[in-house]
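Notes follow the structure.
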Amino acid sequence: MQGNYFRNQYDNDVTVWSPQGRIHQIEYAMEAVKQGSATVGLKSKTHAVLVALKRAQSELAAHQKKILHVDNHIGISIAGLTADARLLCNFMRQECLDSRFVFDRPLPASRLVSLIGSKTQIPTQRYGRRPYGVGLLVAGYDDMGPHIFQTCPSANYFDCKAMSIGARSQSARTYLERCMEKFSDCKTTFISLTLLLS
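Numbering (this note's numbering), first residue to last: -7 to 190.
Structure follows, in structure tokens:
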């Protein structure tokens, strides 16, 4: 009982630390990602693939897009709050357009993910803001080859060979860890994805 009292006392704002050294608002945003529908991303030597599970919250609700187009060489899949994902996707599209207009070249995927990390860091530090409650898997292709990046509400981002986020994603992650060596060939990647989703 006393633990719940203290948790409510320290979860009013993102700038308030609990006595245990935790920021509950960021933990709540991370929980929103865990409650979202599962999405998987993996890359081979030549391709990066995103797969998302579309599920409606109720029979009366419509399905929402879980895979979004950012630029000709970048796409994202989401788990968490769809409104936050749309906001970040629009930001990513604008950055890609700016790069094409100013530098006449596509924005590298790693640079775009770094910009997302900087943007998602700001609400974790300012009073009156809340962290973005969405996790992204970013698939991109540039001069360095295919990429899969994971971004978190805590503003961390990771370069991955394969990753799964969302509800019940641990079983997909376990499968990916066991079968990672099979994904280096492009044909095997699509066969394995079919097996993963069935």
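C-beta: ideal position from N, C-alpha, C; glycine also.
- Looking at the DSSP output, D134 bridges to G137.
- By alpha-carbon distance to P11, the top candidate from A131, S102, Q1 is Q1.
- For L80, the uninterrupted alpha helix (DSSP H) run begins and ends at 74 to 95, by DSSP.
- Collapsing the DSSP output to three states places A154 in a strand.
- Taking the CA atoms as reference points, T112 sits about 23 Å from S161.
- Per DSSP, reduced to three states, the secondary structure at Q162 is helical.
- Under the three-state reduction of DSSP, T38 is assigned to coil, being neither helix nor strand.
- Residues T74 of the same chain have their beta carbon placed closer than 6 Å to that of Q56, with the five preceding and five following residues left out of the count.
- Counting C-beta pairs with one atom in each stretch, the stretch 85 to 98 and the stretch 143 to 152 have fewer than three that are closer than 8 Å, which means they do not touch.
- Between the alpha carbons of Q27 and T38 lies a distance of about 32 Å.
- Exposed is the label assigned to Y119, since fewer than 16 other Cβ atoms lie within 10 Å of its Cβ.
- Remark: C-beta atoms of A71 and V126 approach each other more closely than 9 Å.
- Where L60 is concerned, the enclosing beta strand (DSSP E) starts and stops at 59 to 63.
- Setting aside the 5 residues that flank it on each side, K58 is surrounded in the same chain by S29, T31, A44, K46, S69, I70, each with a C-beta closer than 7 Å to its C-beta; the list follows chain order.
- For G67, the pairing in a beta bridge is given by DSSP as H61, A131.
- Ranked by how close their Cα comes to the Cα of V105, the residues A164, C81, D76 have C81 in first place.
- Collapsing the DSSP output to three states places Q142 in a strand.
- Residue burial is scored here from C-beta neighbours: H61 has fewer than 16 other C-beta atoms within 10 angstroms and is therefore classed as exposed.
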